[in-house]
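Student: Have a look at the structure that comes next, please.
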Amino acid sequence: MEENQSILDLHVDQTASKNLSDATRWAKFLSITGFICMGLMVIFFIAMQSQITSALSQVIPGFSDIDSFGFLVTVIIIVAGIVCLLLYFLFRGSMLIKKGIETKSQEIFNNGLAALKAYFIMSGIIAIIGLVSNLVSLF
Amino acid sequence: MEQDVENSLFDLSIDETAKDHLRRISSWTMIIVITAVIGYVVAIIKALMPKTQGTQSEGFGISINTGQNLGSVILGILIGLLLNYFLYQFANLTKRGVNGMSQTDLNAGFYNLKIYFVIISVLVIIVLAFVLLVLLAIGAKAAGK
């Protein structure tokens, strides 16, 4: 009876596994590129400290002191941390889904889907926050 | 036929946990698509609004409105709409596949997810190549001085 149920149920067949493997390969590429870009951005901001401070002090009055730059770096590190967490979910999801398909492990595959779900939930929350701030700036 | 049945027995199955994850993923991707489309409408409204430079705002010194031109906004929206179309297709087909037990819809959903990631990756590669070119140009200019 259970065997019949399993035949009639949805499966990760050859087409699905090929599409998912390709998707996870690109997702892995995106997450690794994102990690590298985030790291480079933080290094760039710390290395170009004096140039950025002088450029911003011309635009924003009172931005010349070191505390203002410290605040800016803190904001950038927080943003980079959030983006890295998002990318971590994407990376984890792509790794686990691929591993689950290769080893035909249901548990690993489900864990991969859970990580991908976390990635899309976080993206959705960020998108909502972005939209709200966009709407607020409109009025 | 027998081979197919044997294959499906050894395939990974989309069990209840996986179905629940896929349903949630579909719901959230749909939220992302709707949010993005509303965002595009807001972006068009903003681009059509008269631009003000250096307006005084309360409590935070001067706020600078750089003002984007309509062309770049439309280009951004077109790329965004293309991306969100595949994300929408993924959400729609996956949900339909899981709820209606349709293997074809589920496979089509995964295919659209693949296309979505491929397009983002290609865009990222183009942007990185452009940034690299700009950096090389700046470096060459600095070396020439």
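Those protein sequences? They're chains A and B, same order as listed. Counting in our numbering, the first sequence runs from 2 upward without gaps. Counting in our numbering, the second sequence runs from 117 upward without gaps. Using N, Cα and C, we set each Cβ at its ideal position, and we do this for glycine too.
9 Å is my cut-off, CB to CB: does Ser58 (chain A) come that close to chain B?
Tutor: It does not; no Cβ of chain B falls within 9 Å.
Student: Can you check whether the CB of Val149 (chain B) is closer than 9 Å to the CB of Tyr204 (chain B)?
Tutor: Contact: yes.
Student: Please classify Leu87 (chain A): is it buried, with 16 or more other beta-carbons within 10 angstroms of its beta-carbon, or exposed?
Tutor: Looking at its Cβ environment, which holds 16 or more other Cβ atoms inside 10 Å, Leu87 (chain A) is buried.
Student: Tell me, to the nearest whole angstrom, how far the beta carbon of Lys135 (chain B) is from that of Ala24 (chain A); I am working on the premise that it is less than 8 Å.
Tutor: About 18 Å separates the two Cβ atoms, so there is no contact after all.
Student: From B:Val234, B:Gly216, B:Ser188, B:Val157, pick the residue whose C-alpha is nearest to that of Leu199 (chain B); which is it?
Tutor: Cα-wise, what sits closest to Leu199 (chain B) is B:Val234.
Student: What residues from the segment 222-235 of chain B come within 7 Å of chain A, judged by C-beta to C-beta, listed N to C?
Tutor: Against chain A - using a Cβ distance shorter than 7 Å - the residues of the segment 222-235 of chain B are Leu222, Asn223, Phe226, Tyr227, Leu229, Lys230, Phe233, Val234.
Student: Taking 8 Å as the cut-off, does the segment 36-48 of chain A touch the segment 115-123 of chain A (at least 3 CB pairs, one atom from each stretch)?
Tutor: Judged by Cβ distances under 8 Å, the segment 115-123 of chain A makes no contact with the segment 36-48 of chain A, as fewer than three pairs qualify.
Student: For chain B, is any of its Cβ atoms less than 9 Å away from the one on Thr75 (chain A)?
Tutor: Judged by the 9 Å Cβ criterion, Thr75 (chain A) is not in contact with chain B.
Student: So what does DSSP say about Lys218 (chain B), is it helix, strand or coil?
Tutor: Before going on, a small fix: residue 218 (chain B) reads as Ser here, not Lys. Ser218 (chain B): coil per DSSP, three-state reduction.
Student: So that I know if they touch, is there some Cβ in chain B lying closer than 9 Å to that of Leu114 (chain A)?
Tutor: Yes, contact with chain B.
Student: Consult DSSP for Leu203 (chain B) and reduce its assignment to one of helix, strand or coil.
Tutor: Note: Leu203 (chain B) maps to helix in three-state DSSP.
Student: Checking contacts by CB at 9 Å: is Gly196 (chain B) closer than that to chain A?
Tutor: Chain A, which has no Cβ nearer than 9 Å to the Cβ of Gly196 (chain B), makes this no.
Student: Please state whether DSSP places Leu128 (chain B) in a helix, a strand or coil.
Tutor: Three-state DSSP puts Leu128 (chain B) in a strand.
Student: Which same chain residues end up closer than 6 Å to Leu91 (chain A) when comparing Cβ atoms and leaving out the 5 residues on each side of it in sequence?
Tutor: Only Ala28, Ser32, Tyr120 meet the Cβ criterion.
Student: Which whole runs of the alpha helix (DSSP H) in the segment 48-119 of chain A are 4 residues long or more, in chain order?
Tutor: Runs found: 50-60, 67-104.
Student: Taking Cβ positions only, does Val80 (chain A) come closer than 9 Å to chain B?
Tutor: Taking Cβ atoms only, chain B never reaches closer than 9 Å to Val80 (chain A), which makes this a no.
Student: Quick one: does Ser18 (chain A) have its CB under 9 Å from some CB of chain B?
Tutor: Interface residue, yes.
Student: Rounded to whole angstroms, how far is the Cβ of Asp127 (chain B) from the Cβ of His12 (chain A), which I believe are closer than 8 Å?
Tutor: That pair is a contact at about 4 Å.
Student: I want to verify the contact list: residues of chain A whose CB lies under 7 Å from the CB of Arg140 (chain B), in sequence order.
Tutor: Lys118, listed in chain order.
Student: Return the bridge partner residues of Val247 (chain B) from the DSSP annotation.
Tutor: Its beta-bridge partners do not exist; DSSP assigns none.
Student: Could you tell me whether the Cβ of Ser129 (chain B) comes closer than 9 Å to any Cβ of chain A?
Tutor: Interface residue, yes.
Student: Any C-beta of chain A sitting closer than 9 Å to the C-beta of Leu249 (chain B)?
Tutor: Not an interface residue.
Student: To the nearest angstrom, report how far apart Val250 (chain B) and Ile241 (chain B) are at their CA atoms.
Tutor: Rounded to whole angstroms, Val250 (chain B) to Ile241 (chain B) spans 14 Å at the Cα level.
Student: For Gln219 (chain B), go through chain A and note every residue whose CB falls closer than 9 Å to its CB, in chain order.
Tutor: Ordered by position in chain A, the residues that pass the 9 Å Cβ test against Gln219 (chain B) are Leu11, His12, Asp14, Thr16, Ala17.
Student: Just to check my reading of the structure: Ile129 (chain A) and Leu21 (chain A) have Cβ atoms closer than 8 Å, yes? What is that Cβ distance to the nearest angstrom?
Tutor: Actually they are not in contact, since the Cβ atoms of Ile129 (chain A) and Leu21 (chain A) sit about 27 Å apart, beyond 8 Å.
Student: Cα separation between Ala259 (chain B) and Ala56 (chain A)?
Tutor: Whole-angstrom Cα-Cα distance: 22 Å.
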